[in-house]
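**Q** Please see the structure below; I have some questions.
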Amino acid sequence: MHARIFLCIIALVLAAPIAARAEEAIAPDIGVRVVRDYVSPTLRAFSQTSGRLKGTLDDLCRDPSPSALEAARIAFAETVGNWGHVSVLRFGPLAEGNRFERVFFWPDPRGVTLRQVQGLLGSKDALPADIAAESVALQGLPALDYVLFGTGAEKLGAAGGDERRCRYGAAVAGNVAGIAEALIGAWGEGTAFHAAFTAPAADRDPYRSVGEVAAEIVKAAGTALQFTRNAELLPALGDAPQKANGRRAPFWRSRQSFAFAAAQLDGVKQLVEAAGFVEGPSDTVNGYGRGVVFDVGHARDALLAVAGKPEEAFAEEEDRARIAYAAVAMEGAKHMLNGELSGALGLVMGFNALDGD
Amino acid sequence: MRSTEIDRRTFLALCGAATLWPAGAAAGEAGEALFLGARLNGGAFEAAVIDAAGRDRLVLPLEARGHSFAIDAPRRRAVAFARSPGRFAVAFSIDGGNEPVAFAPPPERHFYGHGVFTPDGRLLLATENDYAGERGVTGLYDTTDGYRRIGEFATGGIGPHEVILLRDGRTLCVANGGILTHPDYERVKLNLPTMKPSLAYVDSETGDLLEQVDLAPELHQLSIRHLVLDGRGLVWFGAQYQGEDGARPPLVGRHRRGRKIELFAGPQATLKALDNYVGSVSTDLAGDIVATSSPRGGIAVFWDAATGACLGERVLKDGCGLAPLGARRLLETSGRGAIVRTGPDGGTESIRREAPDAPAWDNHLRRI
Chain Y
1361 MHARIFLCII
1371 ALVLAAPIAA
1381 RAEEAIAPDI
1391 GVRVVRDYVS
1401 PTLRAFSQTS
1411 GRLKGTLDDL
1421 CRDPSPSALE
1431 AARIAFAETV
1441 GNWGHVSVLR
1451 FGPLAEGNRF
1461 ERVFFWPDPR
1471 GVTLRQVQGL
1481 LGSKDALPAD
1491 IAAESVALQG
1501 LPALDYVLFG
1511 TGAEKLGAAG
1521 GDERRCRYGA
1531 AVAGNVAGIA
1541 EALIGAWGEG
1551 TAFHAAFTAP
1561 AADRDPYRSV
1571 GEVAAEIVKA
1581 AGTALQFTRN
1591 AELLPALGDA
1601 PQKANGRRAP
1611 FWRSRQSFAF
1621 AAAQLDGVKQ
1631 LVEAAGFVEG
1641 PSDTVNGYGR
1651 GVVFDVGHAR
1661 DALLAVAGKP
1671 EEAFAEEEDR
1681 ARIAYAAVAM
1691 EGAKHMLNGE
1701 LSGALGLVMG
1711 FNALDGD
Chain D
453 MRSTEIDRRT
463 FLALCGAATL
473 WPAGAAAGEA
483 GEALFLGARL
493 NGGAFEAAVI
503 DAAGRDRLVL
513 PLEARGHSFA
523 IDAPRRRAVA
533 FARSPGRFAV
543 AFSIDGGNEP
553 VAFAPPPERH
563 FYGHGVFTPD
573 GRLLLATEND
583 YAGERGVTGL
593 YDTTDGYRRI
603 GEFATGGIGP
613 HEVILLRDGR
623 TLCVANGGIL
633 THPDYERVKL
643 NLPTMKPSLA
653 YVDSETGDLL
663 EQVDLAPELH
673 QLSIRHLVLD
683 GRGLVWFGAQ
693 YQGEDGARPP
703 LVGRHRRGRK
713 IELFAGPQAT
723 LKALDNYVGS
733 VSTDLAGDIV
743 ATSSPRGGIA
753 VFWDAATGAC
763 LGERVLKDGC
773 GLAPLGARRL
783 LETSGRGAIV
793 RTGPDGGTES
803 IRREAPDAPA
813 WDNHLRRI
């Protein structure tokens, strides 16, 4: 377990006094850097691929063919990957108006998405005029995963196509692309959120100091690690191979489960780097930041090395070991993030401040 | 020690209990103020009885993180509950006289960390998650039969957190937080877009849902979680907001049966300092003052129970546990080991300073 060994080494080497003052450990332009190096490129890529996805679905609806279906499926995989990066930013604009859930209604232990999408596709009623007004389970990428890869999806590319299914899929893609655009707008210069994030001040909301911006970033990275591990991978992994069920992982139909989780981990890595936690003003922070990035990178690589398709990989010995290793490394990264790294940044994550108590 | 459906860790934790109980136990003088809280102490989870000077009077090891307690003061006993989504509970004598009894909910339930005894001491009621059924229940445990679970009542909502008993000794008030969770996903919230918190009044003898009140639709992401009765018997609650970051809805409310919920925001700066999170609610000894703590914001805010006016705030980093101490005074504990006397008048008096090696107190402190 490289991750564990690395953690021990880091703990020994860096058992030095933490930064005397939080301000010295946090880059004063932390918000500007994160927006410039992570938020903006990530949102732009998500907007572009989701826009392209909408275009490929429009093409497919207009002129069904196997190649048009394939193009839509490729665009879907790209969109899912870019969403993996965006999903790490689960605060501010992404937390507003249920945007996260509208793109990615997950976890879904009772299969609400499948039930509602099948219900809608099987109904004789007209398609909803505005998909954004429907249940969040009908609006996002898990719904599109079923449309493009679920039972009956092949008909989309056959002669004559499946008009209802295709038009619904195009509406979902349009909705996701619209949310991507809205996110760009909400993070844009001139918004109160952008001002508070990039230039926090006592009279700004929700960030009054660079410490609060740093805390938001640490929390977002930790939440993403926890969510990927606990809500996406572990339920499918189960306690034992016979309890594994790859169909409990997101995007198993499109076989994007591991690429998606890897993209989320890559997002965490990039966010931590953009925040100046690896090459920032504090050597102590940088040491812990490197530890986090080391573990997250190994977790990502382990997931990308999974050989089987998600339906089977969770139950197969070698792939199970890869996934389990990734889960351990993610847990290690989260502990270092919320523990040593936060401490070195001068942030104290309260024992009682945890959500939901 | 007896146990029902508990695992080995609970057994082992409790085996160590006797050695940690002080000689003569925690009896205290008649009428002496004693308080009960869960904490993390040197890497070990505990339930601890302390006196008003912050001294340990009884320490009970717990297998994992505890949360709150049901207290049966006339019979000098209490039950410590696991923090959600935990599955252990331990009944013990406050004076350390009897051996602890560990028990657990059935396989398809877990505790939310809160419960109450009925006034006759016969039943213990605990908020629980029926996660397969996606509904909240109060489990009923027979205290005369080793805390055997004898049934359950629906709470009329999802995610019931704190439950209290009204002055009639029969009606329960349950804070249905509205947040759906499933132990397979640890504490991930599964229904934020559709959550619908409520206050529910349930007949503890029949399980009848007597009354249920909701918040306005635009506040459907305001999770009602912690409850206390004021001196006039009205229900006060503290909430946690699950909506967008910039929004600052009121977090404190009051309810009188048959009426609508009243919400109190206080000054904007105070509301902002609460950081959309109230972790505990208590009153002073007379019930004239309501106190709400925010460990996130590091403040306790005080309210006039009669008028709802905000009476001010006191800073305590990671402070959360609150319990009545005297007239307009409360005892507060923090996750950093501090214990203070606090209230709307005068300053905060330190009893125990925060320290890296001091016990980290959990969200709730209860007066016995």
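Chains as they are written, first to last, in the working numbering: chain Y, 1361 to 1717; chain D, 453 to 820.
Just so it is clear, CB atoms sit at the ideal spot from N, CA and C, and this is done for glycine as well.
Quick caveat: nothing in here was measured; it's all calculated off a predicted structure.
(1) Where DSSP assigns a beta bridge to L1498 (chain Y), which residues make up the other side?
(2) Taking the continuous beta strand (DSSP E) assigned at L1480 (chain Y), which residues delimit it?
(3) Can you tell me which residues form a DSSP beta bridge with R601 (chain D)?
(4) Taking all protein chains shown into account, decide if Q673 (chain D) is buried (16 or more other Cβ within 10 angstroms of its Cβ) or exposed.
(5) Using 9 Å as the threshold, is the C-beta distance between G629 (chain D) and Q692 (chain D) below it?
(6) Under a CB-based cut-off of 9 Å, is E1384 (chain Y) close to chain D?
(7) Does G1457 (chain Y) get closer than 9 Å to chain D when you measure Cβ to Cβ?
(8) Could you please give the first and the last residue of the uninterrupted alpha helix (DSSP H) stretch that includes D814 (chain D)?
(9) Quick one: which chain Y residues come within Cβ less than 8 Å of R535 (chain D)?
(10) Using a threshold of 9 Å, state whether the C-beta atoms of L576 (chain D) and L624 (chain D) are closer than that.
(11) Could you tell me if I602 (chain D) is buried or exposed, where buried requires 16 or more neighbouring beta carbons within 10 angstroms of its beta carbon?
(12) Just checking my contact of I803 (chain D) with G506 (chain D) at CB under 8 Å: how many whole Å lie between their CB atoms?
(13) Of all Cβ atoms in chain Y, is any one closer than 9 Å to the Cβ of K712 (chain D)?
(14) Name the chain D residues that come within less than 9 Å of F1553 (chain Y), Cβ to Cβ?
(15) Might you give, ordered along the chain, the residues of its own chain that have their beta carbon closer than 6 Å to the beta carbon of D770 (chain D), omitting 5 neighbours on each side?
(16) Name the DSSP beta bridge partners of P561 (chain D), please?
(17) For P1670 (chain Y), which residues in chain D fall below 7 Å Cβ to Cβ?
(18) What did DSSP end up calling T794 (chain D) once you bin it into helix, strand or coil?
(19) In the DSSP output, what is A1486 (chain Y) paired with across the bridge?
(20) If you draw a straight line from the C-alpha of I791 (chain D) to the C-alpha of R805 (chain D), how long is it?
(21) Let me know the secondary structure DSSP gives W1547 (chain Y) once reduced to three states.
(22) Could you pull out every residue in the same chain whose Cβ sits closer than 6 Å to the Cβ of L1403 (chain Y), ignoring the five residues on either side in sequence?
(23) Note down, in chain order, all residues in the stretch 1559-1573 of chain Y with a beta-carbon under 8 Å from any beta-carbon belonging to chain D.
(24) Taking the continuous beta strand (DSSP E) assigned at L512 (chain D), which residues delimit it?
(25) If I'm right that M1696 (chain Y) touches T1588 (chain Y) with Cβ under 8 Å, what's the distance once you round it to whole angstroms?
(26) Exposed or buried, K1603 (chain Y), counting other C-beta atoms within 10 Å across all chains shown (16 or more means buried)?
(27) So what does H394 (chain D) bridge to, in DSSP terms?
(28) What does V1395 (chain Y) reach in chain D if we use C-beta pairs closer than 8 Å?
(29) Starting from the N-terminal side, write out each stretch of the beta strand (DSSP E) that is 3 residues or longer and does not extend beyond the stretch 701-764 of chain D.
(30) So G1538 (chain Y) contacts chain D; which residues on that side make the cut at Cβ distance below 7 Å?
(31) In terms of residues, what are the limits of the alpha helix (DSSP H) holding I1683 (chain Y)?
(32) Going along chain D in order, which residues have a C-beta closer than 7 Å to the C-beta of G1452 (chain Y)?
(33) Can you give the Cα-Cα distance for F1611 (chain Y) and P1502 (chain Y), rounded to whole angstroms?
(34) In this structure, what does DSSP give as the bridge partners for A776 (chain D)?
(35) Check each candidate in Y:N1535, Y:E1514, Y:V1628 and name the one with the smallest Cα separation from L1420 (chain Y).
(36) Identify the continuous alpha helix (DSSP H) that holds F1553 (chain Y) and give its terminal residues.
**A** Based on what the coordinates show:
(1) According to DSSP, L1498 (chain Y) bridges with nothing at all.
(2) First-last for L1480 (chain Y): 1472-1482, but that is the alpha helix (DSSP H), not the beta strand (DSSP E).
(3) D:Y593
(4) buried
(5) yes
(6) no
(7) yes
(8) Careful: D814 (chain D) lies outside any alpha helix (DSSP H), inside the beta strand (DSSP E) at 812-819.
(9) D1717
(10) no
(11) exposed
(12) 4 Å
(13) no
(14) D697, G698
(15) P747, S786, G787, R788
(16) According to the sequence provided, residue 561 (chain D) is Arg. The question's Pro does not apply to it. According to DSSP, which records beta bridges pairwise, R561 (chain D) is partnered with D:D582.
(17) What P1670 (chain Y) touches in chain D: nothing, since even the nearest Cβ is about 17 Å away.
(18) strand
(19) Partner(s): none; A1486 (chain Y) has no beta bridge.
(20) 7 Å
(21) helix
(22) L1543, I1544
(23) D1565, P1566
(24) 508-513
(25) Contact flag wrong, Cβ pair sits at about 16 Å.
(26) exposed
(27) What the structure shows of chain D is the stretch from 453 to 820, and residue 394 (chain D) is not part of that stretch, so it cannot be assessed.
(28) Near V1395 (chain Y) there are no residues of chain D at all, since even the closest Cβ is about 16 Å away, more than 8 Å.
(29) 704-707, 714-716, 732-735, 741-746, 751-756
(30) Within 7 Å Cβ-Cβ: nothing; G1538 (chain Y) doesn't reach chain D, min ~17 Å.
(31) 1677-1696
(32) D697
(33) 7 Å
(34) Inspection of the sequence shows that residue 776 (chain D) is occupied by Pro rather than by Ala. Note: P776 (chain D) sits in a beta bridge opposite D:L782.
(35) Y:E1514
(36) 1552-1558
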